[in-house]
Structures are given as structure tokens and as C-alpha cells.
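S.K.:
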Amino acid sequence: MSIMEYNGGAVVAMVGKNCVAIACDKRLGVQAMTISTEFKKTFQATPKTYIGLPGLATDVQTLAEKFRFKVNMYRLKEEREIEPRTLAHLVSSTLYERRFGPWFVEPVIAGLDKENRPFICSTDLIGCINFAKDFVVSGTTSNQLYGMCESLWEPDLEPEDLFETISQSLMNAVDRDCLSGWGAEVTVITPDKIITRTLKSRQD
Amino acid sequence: MSGLKPGEVNLGTSIMAVQFEGGVIIGADSRTTTGSYIANRVTDKLTEVHDTIYCCRSGSAADTQAVADIVHYYLQMYTVQNGKPTVPLAASLFQELCYQNKDSLSAGIIVGGWDKVNGGSVWNIPLGGSLHRQPFAIGGSGSTYIYGYCDAKYRDGMNQEECIEFVKNSLALAMSRDGSSGGVIRMAIITEKGVERIFVPGDKLPVHWEG
């Protein structure tokens, strides 16, 4: 029994034309038993950046709060919002600080920088950053997500099409993972607005 | 999560059988897992061992398939030599295999069927190889979530339609809570006339409170 598979969960982020999308499932389980279907794993860091945190649920909650604190402190000191690339490095150093007793999460970051250029990346549980141009995946469903994203993603998708693509990638991937699913939430970030939609999915 | 060897395929499962006047209803989910990967999402866990005798399989897929194949063989030999077997006979064969090999097997089996002597009957054979005749039986990892529901909903003397609804609702609840159960619901109605299969796809599952 792996500690990363104790609670289950899946997060994926994708780049589109002048937009990004991030999506997560909503299951919280204790090994095979599902105890909640309202446990979202994506959190808003700034008006234009989201962070997804799949992994051990207690660390998901703790790190969401730690990053909220760090982002707030950054805003107070710098008098501006943190850029996505900078947040990625902040996440990386926070995780590496615990190199020999790590946080059991593998974060995903998605956002638009100050010139509204799309940015996504993921890190492993000790802070190694993977800067991707297309999509990033994380959680117990990562293998299935790689397969779905690799087949469905194409460059320069408009926001509505990106929404469809990321939704289908997530829904069909989690249907092959017994530790993820039970609902999904998809957020599309564009220069003018952020739209968050909840998806109805198989409840098994 | 259970006594399976590394790489072995698990019938996580929710299975159920209910006796009614004239026969039995048996039902199962359709998920087979290897670790957390769903290896088969449309598995058939209701296996024929004779014309009107079926078993519901839970535990190790390999162990239960092997045991069911052996019982099927024995019942074929019995039929040519002695005529149609009874359900308790089939259950006894399952019990012998499960009890004598209890150290090597991971198999939870429910036998359900119809015969001329007993009518419909349900026989539960949990992990250790004990044998229990019950008016209804539930098994598999998902069954733990529906003991209370089944105890509250079951009534003696239900007819065929009521039994089908009972099985469908119980399995849907188990599939919703148990990660190792899911997919579709397969049911079989076993009576004197033979076996009629029912299939409930994922989007037609009864929906309960989902938070």
C-alpha cells in the first residue's frame, strides 16, 4: 500500500490558445472506501493562477493553506500578484525543504502570466519542476491521463474546445481508476474571466 | 488491500443472491482491478456450473475461475451418471474445495440456483470455506457497506420483481461506496424454466444520495 494511493485523486492541466485549463476529480477515500464526493483538489492562488494538489489528503489541505499564506505574504511585500512561474519555484522550494520527510503531494500549476501568456507545470513530491508546453498530469490516475491527453490534445484549442478536451481526458481516465472519480471540476482561465464547471460523472 | 499476490487480479466486488418463490435472483457488479487499475470494467462474475445452478465470484479472479471450472466438471460427470444435481450438492462441492484449500485460496463464493427438490436456494461460502444457507446473501468487498441497508429492506415472501429491485438498489449503493466495485450490474433470474439475464448499464443505475 503506497502512501500516495491512500486517498486517491487526479489532476490535469492543459494549454490552449491564450488560455489554460485545470481539472480535478472530487473523490476522497480511505483506500477502497469512498467517504466524500466533494473533495476538490484545485485552489485559486491568484486571480489568474490555479494550483492543483493531488496526493495524501492531509497534506493537500496543509499545503493549500501554506501556499495561501505564502502567496498573501508575497502580495503584501511585493505589492503585486505572484507570477505563475515564480509560484512554481515557490512550490518547488517549499517541497524540497522537506527532502527527507516529504509532503505526499505532486502539485500541478496552471495560469496566465502578466502578458496573459499561458503557463503550466507540475512538480514531483520533492519539488522537481516539469515545465510543459502541452499538458501535465498528476495523481493515482496519471498513467491513464497520459494516454488520454496524448491522444486528445492538440495545440491552440479555443477555451470552449479546451474545456471539452480536458473534460473528456479526465472523465475517461478516472473511469479506469478505482481510487479517483466520483465527480469532477474543470476550471478554464482566460484573460477576461475564469469559468468553473462541475461535471456529472459515474458514481462508482 | 487483501491477500492477493503482487500482480494478481482482484474481483474487488459486490455480489448478492436472493431466494424467492419459484427461484433465485443473483447479481454482481462488473469491476476487476489490478491494484488501482481497472483491468476489466465489464466483467461477468456470474458463472454457470449447471443449467440452473450459478455462482457469484468474489476475491481472486484466478482462484474463483479455477474453482468454478472444477465444480462445473464434477457436475457434468454427476449429471451423466446420476441425473440432475441439486443446488446443495453444488454448494457442497464448492465448500470442499474452498475449505480444504483455505490456505492457498482467496475466494468468496455465493451459490444460487433452482432444483426440483428445494426450489430456489442460496448458499453463501465465505473465505474460510464454511457453508451457510440463507434467504439472501451478500458478499465481496462492497457488501460491507450494505449490511444495514439489506437488513432493513429485506422482507420474506418478496416476488420476482421486488427481488430484482432489492438486488439492483443494494448493488448500486455498494458500487457507489466501494472503490473495488463498479461498472454495470449483471443479474440472472434462475427458475424452473431456466436462466434469464438482465443487464443494467452504468447510466441506468439507481441513484441515491450523492452528497
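Keeping their order, the protein sequence lines are chains A and B. Following my numbering, the numbering of the first sequence begins with 1 at its first residue and continues without gaps. Following my numbering, the numbering of the second sequence begins with 1001 at its first residue and continues without gaps. A virtual CB, placed ideally from N, CA and C, is assigned to each residue, including glycine. Values in this document were obtained by computation on a predicted structure and should not be read as measured data.
#1: Would you say Phe-1199 (chain B) touches the ligand GDP, meaning its beta carbon is less than 6 Å from a heavy atom?
#2: According to DSSP, simplified to helix, strand and coil, what is Ala-23 (chain A)?
#3: Is the distance from the Cβ of Gly-1157 (chain B) to the Cβ of Asp-1029 (chain B) below 7 Å?
#4: What does DSSP give as the partner residue(s) for Phe-43 (chain A) in the beta ladder?
#5: Under 9 Å, CB to CB, which of the residues in the stretch 1160-1182 of chain B have a partner in chain A?
#6: So, does the stretch 1002-1013 of chain B touch the stretch 42-59 of chain A, judging by three or more C-beta pairs under 8 Å?
#7: Who are the near neighbours of Tyr-1074 (chain B) in its chain, counting only those whose CB is closer than 6 Å to its CB and skipping five residues on each side?
#8: Tell me which residues of the stretch 17-50 of chain A have at least one Cβ-Cβ distance to chain B shorter than 7 Å, keeping chain order.
#9: Is DSSP giving Thr-187 (chain A) helix, strand or coil here?
#10: Give the DSSP-derived three-state secondary structure of Asp-124 (chain A) in the structure shown.
#11: Give the interface partners of Arg-98 (chain A) over in chain B, defined as CB-CB distance under 9 Å, in chain order.
#12: State yes or no: is the beta carbon of Ser-1060 (chain B) nearer than 7 Å to at least one beta carbon in chain A?
#13: Ignoring anything shorter than 4 residues, give me the alpha helix (DSSP H) runs that lie fully in the stretch 1006-1068 of chain B, in order along the chain.
#14: To the nearest angstrom, how far is the alpha carbon of Met-73 (chain A) from that of Met-1 (chain A)?
#15: Using alpha carbons as the reference points, say which of B:Ser-1036, B:Tyr-1054, B:Gly-1007 lies closest to Arg-1186 (chain B).
#16: Is the CB of Thr-1052 (chain B) under 7 Å away from at least one CB in chain A?
#17: Looking only at its chain, what residues have a beta carbon closer than 6 Å to the beta carbon of Ile-1189 (chain B), apart from the 5 residues adjacent to it on each side?
#18: Within the same chain, show all residues whose beta-carbon is closer than 8 Å to that of Tyr-1099 (chain B), passing over the 5 residues directly before and after it, in chain order.
#19: Where does Pro-1006 (chain B) land, buried or exposed, given buried means 16+ other C-beta within 10 angstroms?
#20: Could you tell me the distance, in whole angstroms, from the CA atom of Gln-1065 (chain B) to the CA atom of Val-1009 (chain B)?
#21: For Gln-203 (chain A), decide whether its Cβ has a neighbour in chain B, counting only Cβ atoms nearer than 7 Å.
#22: Are the stretch 131-138 of chain A and the stretch 92-99 of chain A touching by the rule of at least three beta carbon pairs closer than 8 Å?
#23: In whole angstroms, give me the CA-to-CA distance for Thr-190 (chain A) and Phe-67 (chain A).
#24: For His-1132 (chain B), which residues does DSSP report across the bridge?
#25: Could you tell me whether any Cβ in chain B is nearer than 7 Å to the Cβ of Glu-185 (chain A)?
#26: When the Cα atoms are used, what is the spatial distance from Glu-1210 (chain B) to Ala-1152 (chain B)?
#27: For the pair the stretch 154-173 of chain A and the stretch 18-38 of chain A, tell me if three or more CB-CB distances fall below 8 Å.
#28: Short check: CB of Ser-1104 (chain B) to CB of Ser-1060 (chain B), under 7 Å?
#29: List, from N- to C-terminal side, the alpha helix (DSSP H) runs of 4 residues or more that fit wholly inside the stretch 1085-1123 of chain B.
#30: Does any C-beta atom of chain B lie closer than 7 Å to the C-beta of Glu-5 (chain A)?
M.R.: Per the coordinate set shown:
#1: As far as ligands go, the structure on display features none, and thus does not contain the ligand GDP.
#2: By 1-based counting over the first sequence, the position of residue 23 (chain A) is 23. Residue state, collapsed to three classes: strand.
#3: Residue numbering aside, residue 1157 (chain B) sits at position 157 when the second sequence is read from its first letter. Residue numbering aside, residue 1029 (chain B) sits at position 29 when the second sequence is read from its first letter. Taking 7 Å as the Cβ cut-off, Gly-1157 (chain B) and Asp-1029 (chain B) do not qualify as a contacting pair.
#4: On the first sequence, residue 43 (chain A) is found 43 positions in, with the first residue counted as 1. For Phe-43 (chain A), which the question treats as bridged, DSSP gives the partners A:Ile-51.
#5: Ala-1172, Met-1175, Ser-1176, Arg-1177, Asp-1178, Gly-1179, Ser-1180, Ser-1181, Gly-1182
#6: no
#7: To locate residue 1074 (chain B), count along the second sequence from 1; it is residue 74. Within the same chain, Tyr-1074 (chain B) has close Cβ partners Leu-1093.
#8: Gly-29, Gln-31, Ala-32, Met-33, Thr-34, Ser-36, Thr-37, Glu-38
#9: For this step, residue 187 (chain A) is matched to residue 187 along the first sequence. If DSSP states are grouped into helix, strand and coil, Thr-187 (chain A) belongs with the strands.
#10: Position 124 of the first sequence holds residue 124 (chain A). It is coil, neither helix nor strand.
#11: Taking the first sequence and counting its residues from 1, one reaches residue 98 (chain A) at position 98. Those do not exist, as Arg-98 (chain A) stays about 25 Å from chain B at its closest Cβ, beyond 9 Å.
#12: Taking the second sequence and counting its residues from 1, one reaches residue 1060 (chain B) at position 60. No - not a single Cβ of chain A is within 7 Å of the one on Ser-1060 (chain B).
#13: none
#14: To locate residue 73 (chain A), count along the first sequence from 1; it is residue 73. To locate residue 1 (chain A), count along the first sequence from 1; it is residue 1. Rounded to the nearest angstrom, the two C-alpha atoms are 38 Å apart.
#15: Locating residue 1186 (chain B) in the second sequence gives position 186, where the first residue counts as 1. For Arg-1186 (chain B), the nearest C-alpha among the options comes from B:Tyr-1054.
#16: Looking up residue 1052 (chain B) in the second sequence gives position 52. False, the Cβ-Cβ gap to chain A never drops below 7 Å.
#17: Here residue 1189 (chain B) refers to the residue found at position 189 of the second sequence. Answer for Ile-1189 (chain B): Ile-1025, Glu-1196, listed in chain order.
#18: Reading the second sequence from its first residue, position 99 is the one you call residue 1099 (chain B). These residues qualify, in order along the chain: Gly-1128, Gly-1129, Ser-1130.
#19: For the purposes of this step, residue 1006 (chain B) is taken as residue 6 along the second sequence, with counting starting at 1. By the 10 Å Cβ count, Pro-1006 (chain B) comes out exposed.
#20: Along the second sequence, read from residue 1 onward, the residue named residue 1065 (chain B) stands at position 65. Along the second sequence, read from residue 1 onward, the residue named residue 1009 (chain B) stands at position 9. If I take the Cα positions, the gap works out to 12 Å.
#21: Within the first sequence, the letter at position 203 stands for residue 203 (chain A). With 7 Å as the cut-off, Gln-203 (chain A) counts as an interface residue toward chain B.
#22: no
#23: Counting from 1 along the first sequence, the entry for residue 190 (chain A) is found at position 190. Counting from 1 along the first sequence, the entry for residue 67 (chain A) is found at position 67. Going from the Cα of Thr-190 (chain A) to the Cα of Phe-67 (chain A) covers about 22 Å.
#24: Start at 1 with the first residue of the second sequence, and residue 1132 (chain B) comes out as number 132. DSSP output for His-1132 (chain B) lists B:Asn-1124 as bridge partner(s).
#25: On the first sequence, position 185 is the one that residue 185 (chain A) refers to. So, not an interface residue.
#26: For this step, residue 1210 (chain B) is matched to residue 210 along the second sequence. For this step, residue 1152 (chain B) is matched to residue 152 along the second sequence. Each residue's alpha carbon lies about 20 Å from the other.
#27: yes
#28: In the second sequence, the residue the question calls residue 1104 (chain B) occupies position 104. In the second sequence, the residue the question calls residue 1060 (chain B) occupies position 60. Result no, Cβ atoms of Ser-1104 (chain B) and Ser-1060 (chain B) do not sit closer than 7 Å.
#29: 1087-1100
#30: Indexing the first sequence from 1 puts residue 5 (chain A) at position 5. Output row for Glu-5 (chain A): interface = yes.
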